[in-house]
Amino acid sequence: MAERVQQPPAKRLCCRPGYNPGCRQGQRAGGVLCGGAGSAPGGSGNGKTHNPESLLDIAARRVAEKWPFQRVEERFERIPEPVQRRIVYWSFPRSEKEICMYSSFNAGGEESGTSGDNNDETQLPFLRGVTLLEGGWVDNVLQVGFHLSGTVTDPATPSSPELVCNVSVSFDRCKITAVTCTCGNKDIFYCAHVVALSLYRVRKPEQVKLHLPISETLFQMSRDQLQKFVQYLISVHHTEVLPTAQKLADEILSQNSEINQVHGAPDPTAGASVDDENCWHLDEEQVQEQVKLFLSQGGYHGSGKQLNLLFSKVREMLKMRDSNGARMLTLITEQFMADPRLALWRQQGTTMTDKYRQLWDELGALWMCIVLNPHCKPEQKSSWLRQLRRWNSVDVCPWEDGNHGNELPNLTHSLPQGVHGNQELRPHRTVFTRAIEACDLHWQDRHLQHIIASDLYANYCYHDNQEGSLFDSHGWPLWHEHVPTACARVDALRSHGYPREALRLAIAVVNTLRRQQQRQLEHFRRHKKELLHKGHTSITNMEGWVGHPLDPIGTLFSTLTESGRAGDEGANTCLDLSDCSSVVSRAELQRMPMQRLLGDGESYVALAVETALIGLGQQRVMPDGLYAQEKVCRNEEQLLAKLQEVELDDSLVKIFRKQAVFLLEGLALKQNEVWLWERQSGEGHILKAPA
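Here it is, written out as structure tokens:
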């Protein structure tokens, strides 16, 4: 993290209680501080798990999570000192997970930093911070209100002397909101010294001296005590603070100065204002600089790897429901749009490199996840929509189906493709077009809400299923929507930390695909002679699922195969979109096994395999553009590679045979023999059409 030595100015103005009835909203308006030392800093009681937590700690912990301290002051004229102490105590982050996320690329990641190539995990800022903490190199830890400070020593090495760093951390509502360190390191993430100090407070809270905000202490001083306090402060730090002290004194003595026009004074230890955004500290300037640096090194493999790690960090933030995920992606996108190579390539008619093009694809997919956040506020979505439209209108914005340069003509243009054949009339879609369109989507459909909310939805609402479109013949719910869009919803649920809900919707989508496939085959069988007479031998889809910009088949496959690992994380969090709880109680949702979503003898792996085969067997035209065509081939190879990793059993072999029959019957007149690769004991098998 690019730690700035100068602490950001405090936004809150604090004044003596009862000083002036005209004080601005949020200042203490009356009452005096209650005496008493308050509760000693530390955990609940003596640390024994069987001791009940005090009501004071329970209330203080909840307030510290949700309320800025200014709002507490507004609500209550008199706040006893013990209550203030416990609120301040519980306001510091209690989990190491977020600290780890902001001090390394991945939780237990592979890179030491955005600017380094050292793969030694011990060089990760988080792990280095843990080492410094466990080595006893953290000292002089002091908490004053919502401000934590201390010294962290880097021990001497053969190549460098010992370095003592002064570290300070500001926090609010269990989030670190500002950090400074004198080490001078510049990076996107927190340095090891910030990590060490933060972990000291998390792991050893009882060893940290805790004081109320400095303004509260000043309120208790007499005039003589205040004068002595200021003079001693200037005496100890006269070199640093004397010019500032004299300037402030001159302004205070001037009746018309700006400083005398407001009541109170800033206090950097008093916590956040009600108007402050509650989010973790993210150095925007360093994010922009690092992305700009990586883009300028476009010819190197390492730069693309680092950018992919940044995208992974965005997904990690989204999964933690951290608002900095969208903020960080915005900063990355701005630098991508400002890349001077875009205009150069457009002018020269040359194409992007394949790796660079894939980065743009991931950028567009991430924006789809952002705007499809189930809990996105309307005003936030409107802001993102304006932003996306602004980028979309830039001339050099990359197209979705390829580069601006000369493309290899699509060989299918020689065939009659209807509207698809007239490409000149189709407006070009950019990498942001789908995200812009997704801003019109919502999660308020009752059927969709029930699918997401309950594993038992198959037992409800049959009376609403008049046309047979809501459930299949087994009673499992279906979701009829543009397949890539439905899968984008699945990806959004996974990305925002709702794995159970994503799995439910994924299974509904797969059941819908299977039902559509079965109905198409039945239709072909019933009207076989009529279709053959008209020359129709199969259904050709103008939009293929494999190689699609939203990767619907890959999303379904990953969601199903990773359900075991993803199910534990987020299993205790239910997505509440409306009154879906009326279908089944929240407690029942937590207890019910996910296997209720499957039929007899089915497994998530079996569904994933069948989904991949349905996608690979889809009859589709080749997309326009060389890059899009190469992407289809690449995605097909990726799906085949994933299928090779699956250990076959009898149930999976049946699925291969079932899909082979669908392909053979559907293409009976296009070919009299279909070769379907099937891996079993490392050997391929050929399934031939019946004579």
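Numbering of the sequence shown is given in UniProt numbering, commencing with residue 1 and proceeding in unit increments. All C-beta atoms, glycine included, are put in the ideal place defined by N, C-alpha and C. Since the structure is predicted, the reported quantities are computational estimates derived from the model, not experimental observations.
- In this chain, the beta strand (DSSP E) harbouring Gln143 covers 138-144.
- Assignment of Ile58 by DSSP, reduced to helix, strand and coil, places it in the helix class.
- Between the segment 164-172 and the segment 227-246 there are fewer than three C-beta pairs closer than 8 Å, too few to call the two in contact.
- Rounded to whole angstroms, Thr182 and Asp283 show a C-alpha spacing of 16 Å.
- DSSP places Ile79 outside any alpha helix (DSSP H), giving it a letter other than H or E.
- Take the alpha-carbon of Gln207 and the one of Thr555: they are about 48 Å apart.
- Judged by DSSP secondary structure, Ile176 falls within the beta strand (DSSP E) whose first and last residues are 175-181.
- Going by DSSP, His211 is part of the beta strand (DSSP E) stretching over 209-211.
- Per DSSP, the continuous beta strand (DSSP E) segment holding Asn166 begins and ends at 163-172.
- At a cut-off of 4 residues, the continuous stretches assigned as alpha helix (DSSP H) that sit fully inside the segment 334-379 are 340-348, 354-371.
- Listed in chain order, the non-local C-beta contacts of Leu560 below 8 Å within the same chain comprise Leu503, Ala506, Ile507, Val510, Tyr604, Val605, Leu607, Ala608, Thr611, local neighbours out to five positions each way being set aside.
- Assignment of His147 by DSSP, reduced to helix, strand and coil, places it in the strand class.
- Asn541 is bridged by DSSP to Arg620.
- In this structure the segment 264-275 touches the segment 212-226; the number of beta carbon pairs closer than 8 Å is three or more.
- For Cys279, the closest of Leu310, Leu242, Leu309, Arg321 by C-alpha to C-alpha distance is Arg321.
- Three or more beta-carbon pairs drawn from the segment 383-401 and the segment 434-447 are found closer than 8 Å, and the two stretches are therefore classed as touching.
- Annotated three-state conformation of Ser257 is coil, per DSSP.
- Within 10 angstroms of the beta-carbon of His238 lie fewer than 16 other beta-carbons, which makes it exposed.
- Remark: C-beta atoms of Gln335 and Lys292 approach each other more closely than 8 Å.
- With distances taken between CA atoms, Ile370 lies nearest to Arg315 out of Pro499, Arg315, Asp154.
- Contact between the segment 120-136 and the segment 244-258 is absent: fewer than 3 CB-CB pairs across the two stretches fall below 8 Å.
- For the 8 Å CB-CB criterion, Leu318 and His496 form a contact.
- For Val195, the enclosing alpha helix (DSSP H) stretches over residues 192-203.
- DSSP, reduced to helix, strand and coil, places Thr153 within a strand of the structure shown.
- Ala492 has its alpha-carbon roughly 19 Å from the corresponding atom of Thr333.
- DSSP places Ala508 in the uninterrupted alpha helix (DSSP H) bounded by 499-526.
- Ranked by Cα distance from Lys658, the options Leu613, Leu643, Glu630, Glu636 are led by Leu613.
- Of the candidates Ser563, Ser198, Val483, Ser198 places its Cα closest to the Cα of Lys97.
- Residue pairing by DSSP places Ser160 opposite Thr157 in a beta bridge.
- A Cβ-Cβ distance of about 4 Å is found for the pair Ser103 and Phe126, placing them in contact under the 8 Å criterion.
- At a Cβ-Cβ threshold of 8 Å, Lys66 and Arg201 do not count as neighbours.
- Counting C-beta atoms within 10 angstroms of its own C-beta, Met101 has 16 or more neighbours from the protein chains shown and is therefore classed as buried.
- Note: Thr430 is bridge-paired with Trp399 in the DSSP secondary-structure output.
- Take Gln629, set aside five residues on each side of it, and the residues of its chain with a beta-carbon closer than 7 Å to its own are Met622, Pro623, in chain order.
- Only residues of its own chain outside the window of five on either side were considered, and among them Glu284, Val287, Gln288, Val291 have a CB closer than 8 Å to the CB of Leu331, listed in chain order.
- In the three-state reduction of the DSSP assignment, Pro552 falls in the helix class, which pools H, G and I.
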